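A.B. asks: Encoded as structure tokens, here's the structure I'll be asking about.
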Amino acid sequence: MGIGSWLGLWFGLSIPAILAMYLLKRKFLDTKVPSHLLWQRVLKNLEANRPWQKLQNRLLLWLQLLAAALLVFALMKPYLWSSGGGKEHVVLVADTSGSMSAVSMPSGQPSQERLEQLKQEMKDYIKQEAKNSDVTLLSMNAEPNVVISREKDHGRANEAIDSLQAYFGKASYNETLSLASALTRDESDAEVVVFTDGQWKGDPSSILFQAPVKVVTLDSEAGFNLGLQQFGVKDESSGKTAVAVVKNSSKAAKQAEFNLYGDGKLIKTSSAEIKPGASLTLTFRDLPAAEVYRAELEGSDDYQADNEAYAFSQHNETPRILLMTQGNLFLEKGLQLTGAEVVKMALPQEGIDANPGDASGTAVPEKQPDLIVIDGAAPAFTAQGEWKKLLDRTPVWTLGGGGNKVNVNGGQPRLANHPVNRYVSYNGVYIGSVLDRKLPDWATPIVSIENHPAIIAGTEKGEQRLSFLFNLQETDFPLSSEFPIVVHEAVSWLTESGGKSLGRLTAGTRVEIPIAADTVSAHWVAKDGMAREMKVQNLEAETGEKGINALQQVPPVPGLYAFEQRNSAGKKLEYLAESAADPYEAQWGEANAKLAAIGQIAKDGKETPATTVSDSVPAKSHSDERQVSLITLLASLALLIILVEWGVYQRGRSI
Amino acid sequence: MTSAHLLPPDWMVRLERLALGSGRRVAGTLQGKRRSSRLGSSLEFADYRSYAPGDDIRRFDWGVYSRTGKPFVRQFMDEQELMVSLYVDCSASMDFGGSLSDGKPGREAAVNKLLFAKRLAASIGYIALCSYERVGAYCYSDRLDGRLPVLRGRGSTMRLFQFLHDAPPGGEGSLSSALGEPGAMPRLPGMTWIFSDFWLGEGESAMGSILSRLAGARQEVVLVQVLSPEEINPDLSGDLRLVDSELNTGKEVAITGRVLQSYRDELEHYQNELRKIASERGISFVTLSSDMTLQEAVFGVLAGAGLVRV
């Protein structure tokens, strides 16, 4: 419970006043008369004839009734129409699109962010034009956003205005206007005030209003803006090449200072003069490998949101698998079925390899594979030199190999909870024997038969390791229908580490992100760029009934983000994405001419055909008037009456 | 004030010329100045009648016998005394208005109702005594508080005045219970004057039965209602607790112009009711205000009603 105004407490003074009057009330005066005979008849007649006789001519009663009536009337919150105020309901539409974050120079004033200027204008409007109005504030995000609705407390309205932030995505210009129109449709005394910088996408005049509309366009001069329109990195045979397109949207030629970073390190700089309204394409070749490239326009221009762009080096969409095998058709087919690019490296048959130390003959592959699968005993050359390094930084899957064996005689495998085991049961699979090996430090048995580990998995130095402790040739596992599934799950588990990029996305749009099945929490983390500068907090991922939604909204502030997913074990999986401002916002030009027209339609009284047909609300002529509350007046009157009553009590007479 | 000053001497002189206007011829046992219903031995000629054997020879009219040859005797009116009973209401309600110590009757201030009533009674009694009537006086409240034996002749004036003067104001007044007492009713036919404000708790119906009883006792009744100006036209205002002088009970009334108006209406209604009851029985009813002078009361109202004759 809250109390709107403590001022009303003053009227509480009437309570002791009334008490005092009753304490001081005069009694009936004793008057001796010869006989009651006639008086009794008089009173009897009066009372019998008129039951309300007692109510007549009692000034006190009438005064008290009047006071009570006034109080009741005051509680009804009466008001008068009085000219020169605001409407009863004012809907403020704030253009919070990305262009509002630009710095502009209002004539004769130091530079100021347009949004701040807009906030000031809005507060001034509430203060001057909408003193006694209910305020509704709409801002634009991807959807119209009702910040406050019919707020009477202007302090809170000002707080709400202060909380407005620029939205860099595709702002819902006309949808917001449409909502404002809908909000004022059935109201006779409302107005819509649109605060904008004139940068307005679409045709606002197509929206029909029944309430008067005012458009407040910020008085600002467009400064200069250089924007990165496009930026990309591509792999070519000669190396990586970056291409950037820079546009000058101002009316003067500008010198653009361009910096290219790779994973945070400055790689290249460039400088070029750009003509007004022209675009310049910058190309950089032979770039060193990096995960994320960042292009940056140096120097301050008036609109910061388009001064940076990111590009991600292209990952292989299909994992490359190096299969070392003496020949295993099932495994080879299984790997190919995962969609991977399988490079088979035939190993000589055991025993034929007479020269175990001959590592030099087998060269390390030029491109690092995403996964190395070793079927059977690992060749000797893998234990040393470049091969060892390669194996150390690549996920490895070994199957079988030499060593002592333990007979398990086709016992039923027991499965641990592991991604590789996700869709399999090993039902009806015969495994005669498993290798009896000492488990390495990283290993955790994920499948065991009669307490002998059959499959082990783990992470060594940040790389995934998976070992099948049985030879595929010695089981009927490849014949079972589950085998390709196990291979698929194994490959996706082994190759899943490392970031994947989602690319360049417009802020506020929705993007489909693969959510791992075991993810328990996910959020957007600002990694770099404007988002980092503005210290954007981690944004929790949207969740639905079935956990985290696959369709996520890109954070509204431009910059580099990582969508981090964590599973219950705390393992992190992240996707990198760049949130980019809506390119429309950077195209500074003339203000939208149709913006002025929305006010015109309502002012001219040209109502929509729909309105004329429905003939709903007759327009009241209170357009320039405002309501003045009578509560204070009524309360004062009631107090005055109580004072008059005091006088009546003093006289001790009823009339 | 002594009893002699109940009536001023010059006023008594004027009263001597008056006679009570009783409409009835009464038969008394003693000779009086009042004409009797019977024929008798007065000097006033009444009629002729034929002579019958045994008639008083002295009444035989020889002149007529000589002219007509027929024997006639002359008849004369009989003159007899009248029994006048004066009842003065001495209840608390009568002791109201003005002050008892007001020596002079005059217009300056309304005198006490009881005093005014006593003066009226004294005036009527004096007229009766001067006319050789027999006068009995009673004062009552809810019972007969005092009675004066029958008086005759002017010499009894002082006794009457003394009795009236000494009659104290009593408590609650009730005419019916007072007259219900043994010996309260006049034994002889005659005239009965009742001086009261007639604020009777029992109401008009009781009044009717009393008057019937008095009529049954062959009384010619005169009701004199004595009211103070405050009662006729109350000058009250504000929220008042009206205290009954007899019962000492209070009644809270917010006096307004409307209430006063309806009081006046009610008073008129009450007086009309009494007047109606009286006239149904051939009884005179007059209303006097205690701010009247005795002259206005006697020569104006009473003489105007034919109760007093010059």
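These protein sequences, in sequence, are chains A and B. If you count by our numbering, then the first sequence holds residues 1 to 655, one letter each, in order. If you count by our numbering, then the second sequence holds residues 1 to 310, one letter each, in order. Ideal Cβ placement from N, Cα and C applies to all residues, glycine included. The structure presented is a predicted model; accordingly, all values stated were derived computationally and were not measured.
Which residues of chain A have a Cβ atom closer than 8 Å to the Cβ of S93/B, listed in chain order?
C.D. replies: P34, S35
A.B. asks: Does the segment 272-287 of chain A come close enough to the segment 555-566 of chain A to have 3 or more Cβ pairs within less than 8 Å?
C.D. replies: At 8 Å Cβ cutoff, the stretches do not touch.
A.B. asks: Mind listing which residues of the segment 140-155 of chain B have their C-beta closer than 7 Å to chain A's C-betas, in chain order?
C.D. replies: Residues: none.
A.B. asks: Please name the residues in the segment 261-277 of chain B whose beta-carbon is closer than 9 Å to at least one beta-carbon of chain A, in chain order.
C.D. replies: Residues of the segment 261-277 of chain B with a Cβ closer than 9 Å to any Cβ of chain A, in chain order: S262, Y263, D265, E266, L267, H269, Y270.
A.B. asks: Using a C-beta to C-beta distance shorter than 8 Å, which residues of chain A count as neighbours of G170/B?
C.D. replies: Per Cβ cutoff of 8 Å: no residues; G170/B is ~14 Å from chain A at best.
A.B. asks: Over the uninterrupted alpha helix (DSSP H) stretch that includes P453/A, give me the two end residues.
C.D. replies: Not the alpha helix (DSSP H): P453/A falls in the beta strand (DSSP E), residues 452-460.
A.B. asks: Mapping the DSSP letters down to three states, classify W493/A as helix, strand or coil.
C.D. replies: DSSP places W493/A in helix when its eight states are reduced to three.
A.B. asks: Name the chain B residues whose beta carbon is nearer than 7 Å to that of F28/A?
C.D. replies: D239, L240, R241, E252
A.B. asks: May I ask you to list the residues that DSSP assigns as paired with N407/A?
C.D. replies: S433/A
A.B. asks: Give me the DSSP bridge partner(s) of E143/A.
C.D. replies: Partner(s): none; E143/A has no beta bridge.
A.B. asks: N272/B by DSSP, collapsed to three states: which one?
C.D. replies: helix
A.B. asks: Hey, out of P71/B, L267/B, I283/B, F96/B, whose CA is closest to G208/B's CA?
C.D. replies: Among P71/B, L267/B, I283/B, F96/B, the Cα nearest to that of G208/B belongs to I283/B.
A.B. asks: Which residues in chain A sit within 8 Å of S245/B, going by Cβ to Cβ distance?
C.D. replies: Result: K32, V33, P34, S35.
A.B. asks: Note the first and the last residue of the continuous beta strand (DSSP E) segment covering S101/A.
C.D. replies: Here S101/A belongs to no beta strand (DSSP E), and DSSP marks it neither H nor E.
A.B. asks: By alpha-carbon positions, which one of F483/A, F224/A, P453/A ends up nearest to K333/A?
C.D. replies: F483/A
A.B. asks: Helix, strand or coil, according to DSSP, for A359/A in the structure here?
C.D. replies: A caution first: A359/A carries a pLDDT of 46, below 50, which makes its placement in the model too unreliable to give a value.
A.B. asks: Report the rounded CA-to-CA distance for P379/A versus L260/A, giving the unit in angstroms.
C.D. replies: Between P379/A and L260/A, the C-alpha separation is close to 44 Å.
A.B. asks: Taking a contact to mean a Cβ-Cβ separation below 9 Å, would you say K201/A touches N174/A in this structure?
C.D. replies: Contact flag set, yes.
A.B. asks: Could you tell me if L100/B is buried or exposed, where buried requires 16 or more neighbouring beta carbons within 10 angstroms of its beta carbon?
C.D. replies: For L100/B, the pLDDT reaches just 45, beneath the cut-off of 50, and the residue's location in the model is therefore unreliable, leaving the point undetermined.
A.B. asks: Give me the DSSP bridge partner(s) of S22/B.
C.D. replies: DSSP output for S22/B lists no bridge partner at all.
A.B. asks: Pop quiz: A581/A and F168/A are said to be a contact at Cβ under 8 Å. What is the actual Cβ separation, rounded to whole angstroms?
C.D. replies: The Cβ separation is near 4 Å, so the contact holds.
A.B. asks: Identify every residue that forms a DSSP beta bridge with H89/A.
C.D. replies: D134/A, A190/A
A.B. asks: Taking 6 Å as the limit between beta carbons, can you name the residues of its chain near R147/B, skipping five residues before and five after?
C.D. replies: Y138
A.B. asks: If you reduce the DSSP assignment to three classes, tell me which class K70/B lands in.
C.D. replies: In the three-state scheme derived from DSSP, where H, G and I count as helix and E and B as strand, K70/B is classed as coil.
A.B. asks: Give the residues of chain A in contact with L236/B, contact being defined as C-beta atoms less than 7 Å apart.
C.D. replies: By Cβ distance, chain A contributes T31.
A.B. asks: Determine the burial state of G605/A: buried for a count of at least 16 other Cβ atoms within 10 Å of its Cβ, exposed for fewer.
C.D. replies: Reliability fails at G605/A, whose pLDDT of 44 lies under 50, so the model's placement of it is uncertain and no value is given.
A.B. asks: Take R241/B and list the residues in its own chain whose beta-carbon comes closer than 6 Å to its own, dropping the five residues that flank it on each side.
C.D. replies: G250, E252
A.B. asks: Closer than 6 Å by C-beta to A154/A: which residues in its own chain qualify, once you throw out the five before and the five after it? Chain order, please.
C.D. replies: The sequence given here places His at residue 154/A; Ala does not occur at that position. I126.
A.B. asks: Does L6/B pass the burial test, meaning 16 or more other C-beta atoms within 10 Å, or should it be called exposed?
C.D. replies: Burial call: buried.
A.B. asks: Within the continuous alpha helix (DSSP H) that includes W200/A, where are the two ends?
C.D. replies: No alpha helix (DSSP H) contains W200/A, which DSSP labels as neither H nor E.
A.B. asks: Which of the three DSSP states, helix, strand or coil, is assigned to A278/B?
C.D. replies: Three-state result, A278/B: helix.
A.B. asks: Considering just the uninterrupted stretch of the alpha helix (DSSP H) at M724/A, what are its terminal residues?
C.D. replies: Residue 724/A lies beyond the range of chain A shown here (1 to 655); nothing can be said about it.
A.B. asks: Between D197/A and L633/A, what straight-line distance do the alpha-carbon atoms span, to the nearest angstrom?
C.D. replies: Near 43 Å, if we compare the C-alpha coordinates of L633/A and D197/A.
A.B. asks: Between which two residues does the alpha helix (DSSP H) harbouring E220/B extend?
C.D. replies: No alpha helix (DSSP H) contains E220/B, which is instead part of the beta strand (DSSP E) from 219-227.
A.B. asks: Quick one: is D166/B near chain A, going by C-beta distance under 9 Å?
C.D. replies: no
A.B. asks: By the criterion of Cβ-Cβ separation under 7 Å, what are the contact partners of L38/A in chain B?
C.D. replies: Listed along the chain, the chain B residues whose CB falls inside 7 Å of the CB of L38/A are Y263, E266, L267, Y270.
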